[in-house]
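The structure appears below as structure tokens.
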Amino acid sequence: MADIWIMRIGHRPERDKRVTTHVALAARALGAKGIYVDTEDLVLEENIRSVVSRFGGDYTIKTGVSWNQAIKNFNGKVVHLTMYGQRADEAVAKIPKDEDIMVIVGAEKVPAEVYQRADFNVSVGNQPHSEIAAMAIFLYEFTGGVHLYEDRGGEMTVIPNERGKTVVHKQE
Ligand code: SAM
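Residues in the sequence shown are numbered from 75 upward in steps of one, following the numbering used here.
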């Protein structure tokens, strides 16, 4: 499967700290390669890198990157998540699986140019809700959830358990 990148636009460091962190972590859990965030936020970068260093994988984060910059050299399809878009179940069938995708998620009002530039404007239901929920449901539909239990080779690996917590710490 091709690579998945996330572009988070409209991030306000004070107000959106938790939501953007959860967008980044949910995208990582669902198999994305990395996230771009439009407003510079070094604390956010550090928090995500700390999770990656403990739990593994090669997920990247770069903040202070406008959506125009992020897609300028991007070779693949741009998917914009919006409640006004076409149905996700129908869109997923049309989005090529052999090309990378960049998924744009907003915070407050999204500029009209994003709708025009996107190859696919995709809704996850036509009700307004959350960028975390919309992105997670879209990525689950797009990937079939195949990355959720992948071994990321981290210092810490959580083993699924019916009860209690099983964590394996890698020996150096
Ligand atoms: N009111 C804003 C606008 O008009 O663009 C959207 C605000 S919403 C809280 C933040 C983001 O969540 C949106 O930009 C979109 O990416 C995502 N989102 C919210 N509801 C959605 C839905 N039903 N389908 C797809 N994405 C959705």
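Yeah, the Cβ is synthetic: ideal placement off N, Cα and C, and Gly gets one too.
Option in the options with minimal Cα separation from residue i
{"i": "ASN142", "options": "ILE83, TYR133 and LYS91", "result": "ILE83"}
{"i": "THR217", "options": "ALA103, ARG89 and LYS91", "result": "ALA103"}
{"i": "MET230", "options": "LEU99, ASP115, ALA192 and SER127", "result": "SER127"}
{"i": "LEU118", "options": "GLY238, VAL97, GLU215 and VAL177", "result": "VAL97"}
{"i": "VAL177", "options": "PRO202, ARG237 and PHE148", "result": "PHE148"}
{"i": "VAL263", "options": "SER124, ILE122, ASP115 and SER140", "result": "Since the first residue shown for the chain is 75 and the last is 246, residue 263 is missing from the structure and cannot be characterised."}
{"i": "LYS91", "options": "ASN235, ILE122 and ALA101", "result": "ILE122"}
Own chain partners of residue i with C-beta closer than 8 angstroms, once the 5 adjacent residues on each side are dropped
{"i": "PHE194", "result": "LYS151, VAL152, VAL153, HIS154, GLY159, GLN160, ALA165, LYS168 and ILE169"}
{"i": "GLY219", "result": "LEU104"}
Nearest-angstrom Cβ-Cβ length linking residue i and residue j, presumed shorter than 8 angstroms
{"i": "VAL196", "j": "ALA162", "result": "5 angstroms"}
{"i": "ILE78", "j": "ALA106", "result": "4 angstroms"}
{"i": "ALA186", "j": "GLU205", "result": "Incorrect: roughly 18 angstroms between the Cβ atoms, too far for contact."}
Sequence-distant residues of its chain with Cβ nearer than 6 angstroms to residue i (five each side left out)
{"i": "GLU173", "result": "ALA76, GLY150 and LYS151"}
{"i": "MET157", "result": "SER197, ASN200 and PRO202"}
Beta-carbon contacts of residue i that lie in its chain and below 7 angstroms, excluding the five residues immediately before and after
{"i": "ILE233", "result": "THR240 and VAL242"}
DSSP bridge partner residues for residue i (one or two, in chain order)
{"i": "MET176", "result": "TRP79 and VAL152"}
| query | Going along the chain, which unbroken runs of the alpha helix (DSSP H) with 4 or more residues stay wholly within the segment 92–130? | reply | 116–129
| Continuous alpha helix (DSSP H) assignments of at least 4 residues falling wholly in the segment 189–239 | 205–217
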